Amino acid sequence: MTVLLPSLPQDDWFPTSRSNALEDERETYQIVYDILPTLAMNKKLPLAHIPKAPWIATVIDTLFNQQRNAVQVRDNTDLNTPVIDLEAALADIYNDIGTVEFIDTIKAILALLETARPVGRPRSFEDFELIFQSFVLPEYYNLYDDDDHFAEMRVTGINPMVIKQVSNLESHFPVTEAIFTATADFANDSLAAAGSEGRLFLADYEMLSIMEPGALPTQPKYVYAPLALFALPKNGSKLKPIAIQCNQDSSTNPIFTPNDGWTWKIAKAAMQVADTNHHELYSHLGTTHLVQEAIALGTYRQLSYRHPLYILLEPHFEGTFFINFLATEILLPEGTPVPVLLSGTTESLHAQAVMARTNFSFRDSFPPVNLLNRGVMGLPYFPYRDDALALWGAIHDWVTDYLGLYYSSNSDVQNDTELQAWSEEIGSQSGGRLQGFGDETGTGISSLELLIDTVTMAIFNGSVQHAAVNFPQKTQMAFAPMYPMAGYIPAPTGTSHTEADFLDFFPPMENAMTGVETLDLLGSIYHTQLGEYNFGHFGDLSVVIPLANFKAALSTIEDDINTRNVSFEKPYKVLLPSAIPQSTNI
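For the sequence shown, the numbering used here gives the first residue as 79, with consecutive numbering after it.
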């Protein structure tokens, strides 16, 4: 059998057959805008994108472990848990595997688990620990109300995408000098000095202020759109919390500080609720899953399978269409985990995800650009930043070497009709609607330099960035008091709160259990590994050395992270290259 080497369209010996094959692909991959209204998504799931057996087996095994955990919660605790024969019910589902659709199997297991969750309000914070039986409690779960850990989560937690440097504060967040210096670490400091010296940092969740509060499954929830101020002490390396205002309007929302007892704990929890909602709808769903969908659609619709860029990118889209389809089937509709767990109504949650994706600017999100624009390049301690930039550099070098095999000049890029169609469609309103994709004119890609950056981002976003925000869902977020996904009391307006009020802030047990199970599933599926392409994937032997160099660079980064983590009290292991899948496939 003759193996066709990769070729640009201007060099192809069979342009007609190449063009006809692409027309067929555009019939298979059709863009629609009504699944999540206004966003470009695939009309239907092509058979070629049904996951393979290893992925399915891992998912089923994870769900079976959830059943084991549910049995142990029922048998080993005194929580208010319905009596149901889980083993027999699961056996019936197991016997049907292979005769029903995989998605139906998942739905059946999730429905079974729903009938076996403890119900009612927690009696103490220890109740949240009891739902971890065969599950492993997240590291540092017992630091859920620790101020230093709260601050550290801005740079090592599930959502390191919000914190930004500020020199001063807007009038609607009126932190005073007295408030600033009331914190022990800043008693001999000043707000003005901290601002001028680049030591003030803000987490602002204004975008959540339009969210409508939900009430699923049975209890009203509350929406918070807080502002939180953090600062570096003089000669300090780690952020400290200064003040929190639980919503944007300062006339009705007081500022709370670490000196406010139980009310301060509630204010921190409200900020964590905002952070989890922003994380799930913006940093996770909106700007990894849904962005990758648009890029994948453009790739399959506009690049021939013989195009070198298609060959490079295709492994980085494995599972993306399927997992996004699965999300729209079992995670996002009314009554499913996302609207049950998060703060808003189903409609407002969808609207937030759409807003996240719509407002996402591709070029501005390149890590070196994003981190610089947020003013966090000088933070002494920011492990996510350090690892992300190292991985961006390794991917950038790999893409540079790979594309250099096929493009020798800007004119090669400009004359590549498939590449230009790819870029134009992904960025256009009649295509992928991905803002900031390609040249600033939106008419394509005119330079090899921009092509390298664009392809680097396409790979980084679906692998590294998704791993950074996905896997901590299990290892950090699953313990409800650490990362509550909704609050169940209003934002505080005074400082007379008690420990009982603090406990009332957190979810009922059925929601806590739903959260543990959902986040365990999302954080357990490690399928494929960055840099490990299938044997023979690149038919061009000239790729061998650049690929070997890429793998060596990833190995060096892994060693560097492990060496650095030895000196960290809390090692940051989220972006170890060996733990990063090639694509957004869970």
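A virtual CB, placed ideally from N, CA and C, is assigned to each residue, including glycine.
Quantities reported herein were computed from a predicted structural model and do not represent experimental measurements.
- The beta carbon of asparagine 154 sits closer than 7 angstroms to the beta carbons of Gln211 from its chain, once the five residues preceding and following it are set aside; these are given in chain order.
- For glycine 376 and glutamate 192, the gap between their C-alpha atoms comes out near 38 angstroms.
- The alpha-carbon of glutamine 350 is positioned some 34 angstroms away from that of valine 161.
- Going by DSSP, leucine 100 is part of the alpha helix (DSSP H) stretching over 93-106.
- Taking one beta carbon from each stretch, the region 519-527 and the region 112-122 have fewer than 3 pairs nearer than 8 angstroms; the two do not touch.
- Of the other Cβ atoms in all chains shown, fewer than 16 fall within 10 Å of the Cβ of tryptophan 91; this residue is therefore exposed.
- Out of Pro336, Leu597, Asp465, the CA that lies nearest to the CA of leucine 419 is found in Leu597.
- Exposed is the label assigned to threonine 94, since fewer than 16 other Cβ atoms lie within 10 Å of its Cβ.
- With respect to the 9 angstroms criterion, leucine 317 and tyrosine 218 are not classified as neighbours on the basis of their beta carbons.
- Cβ contact annotation for glutamate 588 (same chain, cutoff 6 angstroms, sequence separation greater than five): Arg195, Val197, in chain order.
- Pairing asparagine 663 with proline 129 gives a Cβ-Cβ distance under 9 angstroms.
- Rounded to whole angstroms, the gap between the alpha carbons of valine 244 and phenylalanine 444 is 21 angstroms.
- Inclusion of tyrosine 378 and phenylalanine 400 in the CB contact set at 9 angstroms is not warranted, their separation being larger than that value.
- In this structure, alanine 345 and proline 570 form a Cβ contact; the two beta carbons are roughly 6 angstroms apart against a cut-off of 8 angstroms.
- Here glycine 565 carries a strand assignment [DSSP, helix/strand/coil].
- Between histidine 615 and proline 393 the beta-carbon gap is near 7 angstroms, inside 8 angstroms, which marks them as a contact.
- Runs of the beta strand (DSSP E) lying entirely within the region 119-197, each at least 3 residues long, are absent.
- If you ignore the 5 residues before and after isoleucine 473, its C-beta comes within less than 7 angstroms of the C-beta of Thr534, Ile537, Phe538, all in its own chain and listed in chain order.
- For alanine 148, the CB contacts under 7 angstroms within the same chain, skipping 5 residues up- and downstream, are Leu164, Leu191, Ala194 in chain order.
- Two segments are said to touch when three or more pairs of C-beta atoms, one from each, lie closer than 8 angstroms; by this definition the region 285-298 touches the region 410-430.
- Just so you know, the alpha carbons of glutamine 551 and serine 602 end up roughly 9 angstroms apart.
- Distance from the Cα of phenylalanine 308 is smallest, within the candidate group Leu368, Arg277, Asp338, for Arg277.
- Rounded to the nearest angstrom, the Cβ distance from glutamine 380 to tryptophan 476 is 23 angstroms, too far for a contact under 8 angstroms.
- By the CB criterion at 9 angstroms, threonine 592 and proline 415 fall inside the cutoff.
- In this structure, the beta-carbon distance from isoleucine 504 to alanine 372 falls below 9 angstroms.
- Residue state for lysine 242 is assigned as strand, using DSSP reduced to three classes.
- In this structure, the straight-line span from the alpha carbon of leucine 141 to that of aspartate 182 is close to 13 angstroms.
- A contact is defined here as three or more CB-CB pairs under 8 angstroms, and the region 636-648 fails this definition with respect to the region 563-583.
- Residue pairing from DSSP leaves proline 458 without any beta-bridge partner.
- Nearest to lysine 648 by C-alpha distance, out of Gly617, Gln554, Ala590, is Gln554.
- Per the C-alpha coordinates, the member of Glu496, Asp353, Gln660 positioned closest to serine 97 is Glu496.
- DSSP places isoleucine 401 inside the alpha helix (DSSP H), whose first and last residues are 398-408.
- If only complete runs of 4 or more residues are kept, the region 440-517 shows the alpha helix (DSSP H) at 445-451, 461-482, 488-492, 495-505, in order along the chain.
- Judged by DSSP in its simplified three-state form, isoleucine 603 adopts coil rather than helix or strand.
- Counting along the chain, the unbroken alpha helix (DSSP H) around isoleucine 257 starts and ends at 255-259.
- Rounded to whole angstroms, the separation of the alpha carbons of asparagine 402 and glutamine 370 is 10 angstroms.
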